[in-house]
Each structure stands twice: as structure tokens, then as C-alpha cells.
Amino acid sequence: MNVLLLGNGGREHALALALAADPSVTGLYAAPGNPGTAQVARNIDLDILDPAAVAAKARELEAALVVVGPEAPLVAGVADAVRDAGIAVFGPSQDAARLEGSKAFAKDVMKAAAVPTADARTCTALAEVEAALDVFGAPHVVKDDGLAGGKGVVVTGSRAEALAHAEACLARPGAAVLVEEYLDGPEISLFCLSDGARVLPLDPAQDFKRIHDGQQGPNTGGMGAYSPLPWAPADIKEQVVREVAQPVVDEMARRGTPFVGLLYCGLALTSKGLRVVEFNVRFGDPETQSVLARLATPLGQVLYGAATGDMPETLEWRDGAAVTVVLAAHGYPGSARTGDPVTGVDAAEAIENAHVIHAGTALAADGTLLSAGGRVLAAVGLGATVAEARTVAYEAMSRVGLDGSHHRSDIAAGI
Ligand code: AMP
Ligand code: GLY
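Each residue of the sequence shown is one higher than the last, beginning at 116 in our numbering.
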């Protein structure tokens with residue numbers, strides 16, 4: 116079958132690698148893709164936020180399946196347009212994508228489905244924010260209600276900083292913020308595939324969201340990840356399906372807006388038990404780079420099955436672990452410098468059990484690889500244990516050069 120993959124980040128390069136390795140995927144297109152996807156797919160020009168344009172292109176390419184990588188096209192209704200055109204699409208409808216598009220909506224669904232999450236208040240005025248901060252106490256958690264590319268959340272001990280963030284969010288017309296109870300304990304990311312009725316979990320991963328080592332500095336899109344989690348309870352997947360994913364999928368079906376695609380459950384294992392931190396409605400980045408590196412079941416068939424109500428019962432996994440370390444450009448997560456040469460990718464890939472995932476890269480006319488975004492690339496290492504995979508990933512990263520770049524040195528350390 117022909118598959119059209121939407122997006123241009125590291126997640127999409129990882130998805131493209133897994134789709135290209137599936138013998139049933141005979142034609143793979145990435146829109147717009149990046150220099151990494153170009154190695155295994157045909158990159159094509161397309162405005163992926165234009166639902167009609169995506170549906171028309173899928174028809175023209177005779178795609179049997181469209182896989183939507185990022186959240187923005189989902190929130191824009193791209194999956195609806197493709198489905199209406201009679202083409203299978205892995206990704207939720209605009210209505211179901213509100214689970215990520217509005218944090219207040221997600222809280223409402225969780226309440227209806229009795230899913231454990233942080234207590235929260237939705238506020239549209241600063242006075243409400245002040246009252247809510249007093250109710251919950253420090254550390255303060257203030258979240259932009261809408262999409263913010265992983266940067267809309269501030270967790271801080273400082274009331275002034277919490278208020279400043281709320282004020283900045285509320286400055287936009289029609290904006291709302293959530294003030295939440297602080298959740299302690301380690302976080303995990305568990306991806307659940309759904310065909311609208313059933314739920315099939317992938318192996319869990321852990322993401323490193325802060326920019327600096329030791330969980331310091333501002334939140335980012337994610338600076339590294341590993342999978343699986345040797346320290347997590349053995350039945351974590353079953354528990355999350357039972358207590359979180361299945362009730363949410365049931366509630367969405369009950370509302371007449373079934374969830375088809377990937378429900379990303381961001382969870383905290385708190386002293387009071389499992390709590391949902393957030394939902395996303397697409398694969399996580401960079402967790403996908405670690406999770407899919409170990410998936411043995413052909414991905415195209417799995418995603419086509421989810422999109423058409425014929426999902427497999429189980430998934431096969433390779434033994435061992437995968438660790439992903441992200442290389443960020445100078446200035447990230449603020450405004451990132453672009454256009455610097457990236458060196459050493461081939462040398463990094465020459466290491467056994469290592470590969471490089473492209474994210475914010477571009478090829479100059481003369482073939483030079485250049486930085487073109489905040490998160491530029493990632494080194495992925497595989498190994499028998501997390502520690503071995505980590506050594507491989509960092510060895511690969513040490514061979515990559517990019518002026519002014521930075522990466523965390525403590526991804527998956529001590530696991
Ligand atoms: P979100 O965009 O909701 O995933 O939040 C981004 C990050 O902020 C999470 O991964 C957590 O590290 C942190 N965070 C969000 N909500 C809470 C909370 N209620 N308590 C503690 N940390 C949180
Ligand atoms: N790694 C976090 C996310 O994809 O939202």
C-alpha cells in the first residue's frame with residue numbers, strides 16, 4: 116500500500132523508518148518531510164494544515180493510509196477531510212483532537228470517565244488565577260489552555276512567576292489558563308493505539324522535558340527519552356489501559372466523537388497513585404524515536420488496522436532498550452539559530468546499534484547539512500540494557516558537530 120506521512124520532525128523520521136521497514140508499505144511519501152525522511156520516503160510539498168489539500172494529495176498519490184504526525188493538522192481537521200474522502204487515516208477527528216487542543220476539555224472528559232488527574236481550575240481572569248494559586252499552594256502549576264508546543268506550562272515555586280505566566284497567556288483574546296494541583300513522582304509516557312473502541316498499548320517511555328541536566332531550566336519539546344522503563348511496575352501498561360485509556364476511549368465514543376489514532380498518556384506515578392498529567396493525540400517526540408526502535412510488529416499494518424477497526428491484539432517487541440539524545444541549536448528553547456553546518460552524522464551512524472534521527476535539518480544546494488530548527492537531530496542507541504543503549508547513543512552524539520549546540524548529558528543516567 117501507499118502511505119502518506121504528514122510532518123517534518125524527528126518523530127516523523129522515526130515513523131518513516133518504521134513504515135519503510137514494513138514490507139506491506141510499497142510506496143512511502145512524507146509531506147513535507149526532512150532530509151532524514153528523504154532517505155526512506157519521497158518528500159513532497161504540501162500545506163499539511165489545509166484539510167482539502169491533504170485529502171486531494173492523498174487521492175492523487177493513491178494512498179491507502181494517511182498517518183498524521185503532529186497535532187496541528189489534527190486540530191485543523193485534516194483527519195476528517197481524509198476520512199470523508201474515503202481514505203483510511205491514522206489520527207483523530209478535529210472533535211477528538213480536543214483532548215490535546217484544550218486542556219479544559221481533557222479535564223472534562225477525565226471527570227466524566229472517572230480518570231485520576233490533578234485537581235484544576237480553569238481561569239479567564241487574573242483574580243481567579245490568584246485565588247486558585249492560594250487554594251492549591253506551592254509549587255504552582257499554570258498551563259495555557261490551548262496548544263503551545265510543549266512550552267505552555269510553568270511549574271514554579273514562585274507565585275510572581277506563576278502570575279506572570281498566567282498574565283502572558285491571558286493577554287490573548289479569549290484565552291484561558293488552568294491552575295493545577297502539583298503532582299509529585301516520576302513521569303512516564305504511555306502511547307495507546309485506538310481504533311475508536313479498543314486500546315492497544317505500546318511499551319512505556321520516559322521523556323526529559325527540561326532544557327538542562329538535573330531537570331533544571333525551562334520546559335522544551337523534549338530533550339531525550341528511553342524505553343522501556345525497568346523500574347516501572349510490571350503491569351503498568353495494563354493499569355494505564357484499565358484506569359485511563361479505555362475509560363477515555365469509551366467516553367469519547369459515548370459522546371459520538373470516537374478516538375481513532377494515538378492517545379499519548381502523560382502520567383505521574385505519585386505517592387497517591389497514578390495521575391494523568393496530560394493527553395496528546397499523536398506520537399510523542401522524542402519518545403517515538405526510542406519506542407519504535409524496539410517495535411518488531413510491522414508498523415504500517417498496525418496503523419492501518421487501527422484506522423480501519425482491525426487492530427491486532429498484541430504487539431511484538433525486540434529485547435533490550437533504546438535511548439535517544441536530542442541535539443538542540445544555539446538559543447533553543449528560545450529563538451534558535453539556524454543555518455549552521457552539521458557534521459559527523461555518517462560517523463555517528465557508523466557506530467554499531469546507533470542511528471541518527473533528523474528533526475530540524477535542511478540540505479543546502481551543495482549538499483551541506485545545515486541546522487534548520489530548535490531540536491536539530493537525535494542520536495538513538497540500542498543495547499541489551501538501558502545503560503548499554505545510553506553508552507551507544509552518547510558515543511554517536513560525540514561524533515556530531517554543530518557550532519553553539521547543546522544537549523543534555525544525563526538522559527537515562529543511572530537507570
Ligand atoms: P503538559 O504540557 O501538561 O504535559 O506539562 C508539561 C510538563 O509540565 C509535564 O511533563 C510535567 O513535567 C510538568 N507538569 C505539568 N502538570 C504538572 C502538575 N500538575 N504537577 C507537576 N508537574 C506538572
Ligand atoms: N515529548 C513530549 C511531547 O511529544 O509532547
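Note that beta-carbon positions come from the ideal geometry of N, C-alpha and C, so glycine has one too. These figures come from a predicted structure and were not determined experimentally.
Rounded C-alpha distance that separates residue i from residue j
{"i": "H521", "j": "A443", "result": "5 angstroms"}
{"i": "T219", "j": "A277", "result": "Reading off the sequence, residue 219 comes out as Ala, not Thr. Taking the straight line joining both Cα atoms gives about 18 angstroms."}
{"i": "E431", "j": "V314", "result": "16 angstroms"}
{"i": "Q404", "j": "A242", "result": "42 angstroms"}
{"i": "P531", "j": "D299", "result": "The requested residue 531 does not occur in the structure, where the chain is confined to residues 116 to 530."}
{"i": "S273", "j": "A462", "result": "45 angstroms"}
{"i": "G192", "j": "E175", "result": "19 angstroms"}
{"i": "E467", "j": "M367", "result": "44 angstroms"}
{"i": "P413", "j": "I163", "result": "25 angstroms"}
{"i": "G99", "j": "G420", "result": "The structure shown has nothing for residue 99, since the chain only spans 116 to 530."}
{"i": "R236", "j": "L389", "result": "20 angstroms"}
{"i": "N158", "j": "A451", "result": "24 angstroms"}
{"i": "T429", "j": "L344", "result": "19 angstroms"}
{"i": "T372", "j": "D210", "result": "6 angstroms"}
{"i": "V355", "j": "A479", "result": "45 angstroms"}
{"i": "V204", "j": "G252", "result": "44 angstroms"}
{"i": "S309", "j": "V375", "result": "5 angstroms"}
{"i": "A474", "j": "L121", "result": "13 angstroms"}
{"i": "V391", "j": "G339", "result": "21 angstroms"}
{"i": "D400", "j": "V495", "result": "13 angstroms"}
{"i": "Y297", "j": "A156", "result": "43 angstroms"}
{"i": "A436", "j": "R287", "result": "43 angstroms"}
{"i": "L410", "j": "G529", "result": "24 angstroms"}
{"i": "G329", "j": "T271", "result": "15 angstroms"}
{"i": "L119", "j": "Y341", "result": "27 angstroms"}
{"i": "P456", "j": "R490", "result": "14 angstroms"}
{"i": "A502", "j": "K352", "result": "22 angstroms"}
{"i": "T458", "j": "M512", "result": "11 angstroms"}
{"i": "L130", "j": "A246", "result": "44 angstroms"}
{"i": "Y144", "j": "T239", "result": "42 angstroms"}
{"i": "A133", "j": "D425", "result": "19 angstroms"}
Closest by C-alpha distance to residue i, when choosing among the options
{"i": "H445", "options": "G519, E282, V392 and E353", "result": "G519"}
{"i": "G125", "options": "I472, G488, G516 and G489", "result": "I472"}
{"i": "A136", "options": "V364, A349, V417 and G332", "result": "V417"}
{"i": "G516", "options": "A360, T483, G252 and V181", "result": "T483"}
{"i": "E282", "options": "T271, V244, V270 and V256", "result": "V244"}
{"i": "K172", "options": "L189, P348 and A146", "result": "A146"}
{"i": "P362", "options": "M225, Q154, A194 and L189", "result": "M225"}
{"i": "K222", "options": "S524, V359, A527 and A133", "result": "V359"}
{"i": "N395", "options": "L382, S386, K387 and V406", "result": "L382"}
{"i": "G267", "options": "A200, T335, G311 and A312", "result": "T335"}
{"i": "A229", "options": "G415, E464 and D365", "result": "D365"}
{"i": "P231", "options": "V438, K324 and R357", "result": "R357"}
{"i": "S304", "options": "A422, P456, K324 and H128", "result": "K324"}
{"i": "V441", "options": "V406, E402 and A477", "result": "E402"}
{"i": "A347", "options": "P316, R369, P301 and Q331", "result": "P301"}
{"i": "A320", "options": "P448, T239, A408 and V257", "result": "A408"}
{"i": "C380", "options": "G332, L317, G424 and D434", "result": "L317"}
Expected contact under 8 angstroms - CB spacing of residue i and residue j to nearest Å
{"i": "A227", "j": "E295", "result": "Between E295 and A227 the Cβ distance is about 18 angstroms, and since that is not below 8 angstroms, they are no contact."}
{"i": "Q397", "j": "G206", "result": "With the sequence shown as reference, residue 397 is identified as Arg, and Gln is not the correct amino acid for it. About 7 angstroms; that satisfies the 8 angstroms criterion."}
{"i": "A508", "j": "T453", "result": "Contact flag wrong, Cβ pair sits at about 24 angstroms."}
{"i": "L377", "j": "F306", "result": "6 angstroms"}
{"i": "D259", "j": "V292", "result": "6 angstroms"}
{"i": "A196", "j": "P166", "result": "3 angstroms"}
{"i": "D179", "j": "N117", "result": "The sequence given here has Ala at residue 179, not Asp. Rounded, the Cβ-Cβ distance is 6 angstroms, consistent with contact."}
{"i": "E510", "j": "A465", "result": "That belief does not hold up - the Cβ atoms of E510 and A465 are roughly 11 angstroms apart, past 8 angstroms."}
Contact test: residue i Cβ vs the ligand SAM heavy atom, cutoff 6 angstroms
{"i": "G337", "result": "Because the ligand SAM does not appear in the structure shown, any question about it cannot be addressed here, the ligands present being the ligand AMP and the ligand GLY."}
C-beta neighbour in chain D for residue i, strict 7 angstroms
{"i": "A277", "result": "In the structure shown, chain D cannot be found, because there is only a single protein chain."}
Along the chain, which unbroken stretches of the alpha helix (DSSP H) at least 4 residues long are found entirely within the segment 236-283? Complete alpha helix (DSSP H) runs here, min 4: 241-251.
In chain order, which continuous runs of the alpha helix (DSSP H) of length 4 or greater are located wholly inside the segment 432-472? Counting whole runs of 4 or more residues, the segment 432-472 contains the alpha helix (DSSP H) stretches 460-464.
Kindly provide the ranges of any beta strand (DSSP E) runs that are 3 or more residues long and lie completely inside the segment 371-402, ordered along the chain. Correct list: 375-385 and 388-395.
For the segment 171-250, which segments carrying the alpha helix (DSSP H) assignment without a break, of at least 4 residues, lie completely within its bounds, in sequence order? You should have 186-190, 193-199, 213-216 and 218-227.
Segments of 3+ residues assigned as beta strand (DSSP E) that fall wholly inside the segment 136-168: Fully enclosed beta strand (DSSP E) runs of 3 or longer: 142-147.
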